[in-house]
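Student: Take a look at this one; I'll ask things after.
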Amino acid sequence: MIEDAEDRADAWFHALADRTRRDVLRRVLAGEHSVSALAQHYDMSFAAVQKHVAVLERAGLLTKRRQGREALASGDVEAVRSVTAMLTELEALWRGRIQRMDDLLAGE
Amino acid sequence: MPVTDVQHDLDALTLTITADFAAPVERVFAVYDDPRQLERVWGPPTYPATFVDHDLVPGGRMNYYMTSPEGQRFYAYWDVTGVSRPDGFTFNDGFALDETFAPNTSMPESRADFTFTATDGGTRATFVTAYASADDLQKVLDMGVVEGSTAAINQIDDLVAA
Chain A
155 MIEDAEDRAD
165 AWFHALADRT
175 RRDVLRRVLA
185 GEHSVSALAQ
195 HYDMSFAAVQ
205 KHVAVLERAG
215 LLTKRRQGRE
225 ALASGDVEAV
235 RSVTAMLTEL
245 EALWRGRIQR
255 MDDLLAGE
Chain B
13 MPVTDVQHDL
23 DALTLTITAD
33 FAAPVERVFA
43 VYDDPRQLER
53 VWGPPTYPAT
63 FVDHDLVPGG
73 RMNYYMTSPE
83 GQRFYAYWDV
93 TGVSRPDGFT
103 FNDGFALDET
113 FAPNTSMPES
123 RADFTFTATD
133 GGTRATFVTA
143 YASADDLQKV
153 LDMGVVEGST
163 AAINQIDDLV
173 AA
């Protein structure tokens, strides 16, 4: 659950608390890498690297796209920050709607 | 505070808002069942909504427009995909070209899933809205949701200050 800046920070720091993930992030911030190319750098299974990539992806620190049979990962901190900001704008609209609903229901 | 939880899912591009209302499920559903009540909660105060067609049944069409402070109208529609009275309903919320309410296919549709469940004190409402891409989300915000949001924030501030 990513509810506010503190929760987001928790997700980021959790993702970055692991040295492999920090290394993955450095690589994908420098440029797009396929998950299989990333896996060659580490002494662990492909599945384990995939899991690290998934944690970074869930924290919004990288994005993946598919090209043929490969999953390409790139670091995307800025994009994620802007998506968060967008959802926050929508959230404000919804808070207004719900407040008005509450007023409507209470006004009877 | 009616809003009890907010979740942003950055992967799925969904916004999930949970709210608790001190009214029975049937009453909460009735807000959506009545276009005059729905208008009071859907458009932001500065962009009030007007529902010109209202048919809250599976496959039904709801046509509405929002009016800007300058009097400009923004046409939109709901395509109702499912109704489980009074537990909730699902619909696609899209933009329309003009007063004919023909869909504007260059604009994204969002998918919405509203669920109402009875609680001890009344109703828990869960509002889920989903977008297909970040680009879609940006387009929607560019259409004036931002102004609406700002107005909504100001409204909350006024309420808290009162």
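Protein chains in written order, with the working numbering: chain A, 155 to 262; chain B, 13 to 174.
Cβ coordinates follow ideal geometry from the N, Cα and C atoms, glycine included.
In this text the structure is predicted, and so the values were computed from the model without any measurement.
(1) Confirm, please, whether the CB-CB distance from ARG251 (chain A) to TRP90 (chain B) is below 8 Å.
(2) By Cβ distance below 8 Å, which residues in the same chain neighbour ARG133 (chain B) in space, the five residues on each side in sequence not counted?
(3) Distance, Cα to Cα, ALA137 (chain B) vs LEU27 (chain B)?
(4) Closer than 8 Å, CB to CB, is VAL166 (chain A) near chain B or not?
(5) Give the secondary structure of THR174 (chain A) by DSSP, where H, G and I count as helix, E and B as strand, and everything else as coil.
(6) Near MET17 (chain B), what residues of its chain come up, given a Cβ to Cβ distance below 7 Å and the 5 sequence neighbours on each side ignored?
(7) Can you list the residues of chain A that LEU27 (chain B) reaches, using a CB-CB cut of under 8 Å?
(8) Out of B:THR79, B:GLU111, B:VAL152, point me to the one whose CA is closest to TYR59 (chain B)'s CA.
(9) CA-CA distance, ILE156 (chain A) and ARG181 (chain A)?
(10) So for GLN167 (chain B), helix, strand or coil by DSSP?
(11) Between the stretch 205-220 of chain A and the stretch 166-185 of chain A, do three or more beta carbon pairs fall short of 8 Å?
(12) Rounded to the nearest angstrom, what separates TYR44 (chain B) and THR112 (chain B) at their Cα positions?
(13) Under the three-state reduction of DSSP, which class applies to PRO47 (chain B): helix, strand or coil?
(14) Please identify, using Cβ separations under 7 Å, the residues of the stretch 44-56 of chain B that lie next to chain A, in order along the chain.
(15) Checking contacts by CB at 8 Å: is PHE139 (chain B) closer than that to chain A?
(16) In chain order, which alpha helix (DSSP H) runs of at least 4 residues are fully inside the stretch 74-110 of chain B?
Tutor: Let's see:
(1) Not closer than 8 Å, so no.
(2) Looking at the sequence itself, residue 133 (chain B) is Gly, so the reference to Arg does not match. Result list for GLY133 (chain B): ASP32, ALA34, in chain order.
(3) Their backbone Cα atoms lie some 14 Å apart in a straight line.
(4) Note that residue 166 (chain A) is Trp in the sequence shown here, rather than Val. Output row for TRP166 (chain A): interface = no.
(5) For THR174 (chain A), the three-state secondary structure derived from DSSP is helix.
(6) The amino acid at residue 17 (chain B) is misidentified as Met; the sequence shows Asp. Excluding residues within five positions, the ones whose Cβ falls inside 7 Å are THR30.
(7) Correct list: LEU241, LEU244, GLU245, TRP248.
(8) Ranking B:THR79, B:GLU111, B:VAL152 by Cα distance to TYR59 (chain B) puts B:THR79 first.
(9) Note that ILE156 (chain A) scores a pLDDT of 45, beneath 50, so its modelled location is shaky and nothing firm can be said.
(10) Model confidence at GLN167 (chain B) stands at a pLDDT of 37, short of 50, so the residue's coordinates are unreliable; what they give is reported in the following sentence. In the displayed model, GLN167 (chain B) falls within a helix according to three-state DSSP.
(11) A contact between stretches requires three or more CB pairs, one per stretch, nearer than 8 Å, and the stretch 205-220 of chain A meets this requirement with the stretch 166-185 of chain A.
(12) Taking the straight line joining both Cα atoms gives about 23 Å.
(13) Here PRO47 (chain B) sits in helix by DSSP.
(14) Of all residues in the stretch 44-56 of chain B, those with a C-beta nearer than 7 Å to a C-beta of chain A are GLN49, ARG52, VAL53, TRP54, PRO56, reading in chain order.
(15) At least one C-beta of chain A is nearer than 8 Å to the C-beta of PHE139 (chain B).
(16) Within the stretch 74-110 of chain B, no run of alpha helix (DSSP H) at least 4 residues long lies entirely inside it.
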